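J.: Just so you know, the protein sequences line up as chains A and B, in that order. Numbering-wise, the first sequence is residues 1 to 229 according to our numbering. Numbering-wise, the second sequence is residues 1001 to 1114 according to our numbering. Would you mind keeping the following structure in view while I ask a few things?
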Amino acid sequence: LSLQESLLLKSLGLSTKPSPKTHGPVPCVLWRIFQRRKTLPSTSKDLGDACRVEEFNVPGNIIRVFADQGHFIHNGQPPRLLCLRKRLYFNLSVLEEDERLTMAQLEIKFSHNSYPSPSQGQGLELRLYRSSRLALQGTPAPERGQKLLVERSFVQLHKSLVFDLSGVAKDWRTHSRNLGLILEITESSGDGASALGSGGCTSINSFLDTSLLVVTLSQQQCRASRRRR
Amino acid sequence: RSAEPPPVTPSSLCKPRRLYISFSDVGWENWIIAPQGYLANYCLGECPFPLTAELNSTNHAILQTMVHSLDPEGTPQPCCVPVRLSPISILYYDNSDNVVLRHYEDMVVDECGC
Chain A
1 LSLQESLLLK SLGLSTKPSP KTHGPVPCVL WRIFQRRKTL PSTSKDLGDA CRVEEFNVPG
61 NIIRVFADQG HFIHNGQPPR LLCLRKRLYF NLSVLEEDER LTMAQLEIKF SHNSYPSPSQ
121 GQGLELRLYR SSRLALQGTP APERGQKLLV ERSFVQLHKS LVFDLSGVAK DWRTHSRNLG
181 LILEITESSG DGASALGSGG CTSINSFLDT SLLVVTLSQQ QCRASRRRR
Chain B
1001 RSAEPPPVTP SSLCKPRRLY ISFSDVGWEN WIIAPQGYLA NYCLGECPFP LTAELNSTNH
1061 AILQTMVHSL DPEGTPQPCC VPVRLSPISI LYYDNSDNVV LRHYEDMVVD ECGC
């Protein structure tokens, strides 16, 4: 039975039977796509391109949500206006060699349940850097070896912010090592107040977590269907 | 002249039969989140001579049933096999505790043929 099972798992694109240590919550987006596909009649399933994720309009037959394995960065005295600095790391090494990455989307989630009051409604700035070398403990950021990817001003009206990181994730897989990202959220400059202790960073306390949604196309699984078409 | 074949009842003709695959029965409930199982079906039944249009027969199968009717010992009847399958999606945890949604083609037998 174990030989048959391993052959079956291999044909399903899995090298071994997964043994998850924890059973975390299922991301809403995956659950929604799963439910939608389940309710499609079989005729619609035939017509649709099985190797395309319609929800994101990209080629692919595997969608993964990677949990962030990075940690908060504390470098002694925080710089002025800084609310949060965190290393983000997503372990993409689980992708099989024959999988082609077609989309990567970073989501930064907040758990606030209400709109900010006028005193809390001031702007925040988000910066996302790409690490191109390992950071040493105690070094200030942004440091050399960090490339600015995203800079955006925002107010906390939304539950989450989403960024397209397809290019970076493709590059991690093909050209360079994945050394992660650095997320910084600061109070908007110009009000003259120090961030820590002032009201500007209060709303960022609702920072929850980050995740990376990755769509890949398994060449092995999709070759057969293309040939038939 | 070959011997008369036994009469074929509609229930013994090639067609999809109900098969529910439960992932807990195969010991996969620890890592598959959903579905807990699915109606996979399978094909079973005879492909007798003469093959009717309802049996989704290939030209090859039609000729094989003719030859079988002439020489039952030397040539078998055509096989009853899936001719139309549909996909399912599976939600599961991988070894790194990530949640994965994967689309698998050809998992459910919708139609059988000869």
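We put the beta carbon where it would ideally sit given N, CA and C, even for glycine. Owing to the predicted nature of the structure, the values given are computational and were not obtained by experimental measurement.
How many Å lie between Ile1021 of chain B and Pro1082 of chain B at the Cα?
T.: 17 angstroms
J.: Would Gly24 of chain A pass as an interface residue toward chain B - the criterion being a Cβ-Cβ separation below 8 angstroms?
T.: yes
J.: Pull up the DSSP beta-bridge partners for Pro1035 of chain B, would you.
T.: Its beta-bridge partners do not exist; DSSP assigns none.
J.: What did DSSP end up calling Val26 of chain A once you bin it into helix, strand or coil?
T.: coil
J.: When you check each C-beta in the stretch 1068 to 1097 of chain B against every C-beta of chain A, which residues fall closer than 7 angstroms?
T.: Residues Ser1086, Pro1087, Ser1089, Leu1091, Tyr1092, Tyr1093, Asp1094, Asn1095, Ser1096 and Asp1097.
J.: For Asn91 of chain A, go through chain B and note every residue whose CB falls closer than 7 angstroms to its CB, in chain order.
T.: Correct list: Ser1096.
J.: Based on the DSSP output, what are the partners of Val1067 of chain B in its beta bridges?
T.: According to DSSP, which records beta bridges pairwise, Val1067 of chain B is partnered with nothing at all.
J.: If I'm right that Val1109 of chain B touches Ile1088 of chain B with Cβ under 8 angstroms, what's the distance once you round it to whole angstroms?
T.: Val1109 of chain B to Ile1088 of chain B, Cβ: 12 angstroms. No contact.
J.: Buried or exposed for Asn1098 of chain B, going by 16 or more other Cβ atoms inside 10 Å?
T.: Label assigned to Asn1098 of chain B: buried.
J.: For the stretch 56 to 68 of chain A against the stretch 20 to 30 of chain A, are there 3 or more C-beta pairs whose distance is under 8 angstroms?
T.: yes
J.: Give me the DSSP bridge partner(s) of Arg1084 of chain B.
T.: Paired residue(s): B:Glu1111.
J.: So, is the C-beta of Ile62 of chain A closer than 8 angstroms to a C-beta in chain B?
T.: yes
J.: Under a CB-based cut-off of 8 angstroms, is Ser206 of chain A close to chain B?
T.: Ser206 of chain A does not count as touching chain B.
J.: In whole angstroms, give me the CA-to-CA distance for Ala169 of chain A and His23 of chain A.
T.: 25 angstroms
J.: Kindly say whether Phe56 of chain A, judged by its beta-carbon, lies nearer than 8 angstroms to any beta-carbon of chain B.
T.: no
J.: Using only the alpha-carbon positions, how far apart do Asp1094 of chain B and Val94 of chain A sit?
T.: 9 angstroms
J.: If the cut-off is 9 angstroms on Cβ atoms, which residues from the stretch 1034 to 1051 of chain B count as contacting chain A, listed in chain order?
T.: Ala1034 and Pro1035
J.: By the criterion of Cβ-Cβ separation under 7 angstroms, what are the contact partners of Leu1101 of chain B in chain A?
T.: Leu30, Ile33, Phe34 and Ile63
J.: Spell out whether any CB of chain A is found under 8 angstroms from the CB atom of Glu1105 of chain B.
T.: True, the Cβ-Cβ gap to chain A drops below 8 angstroms.
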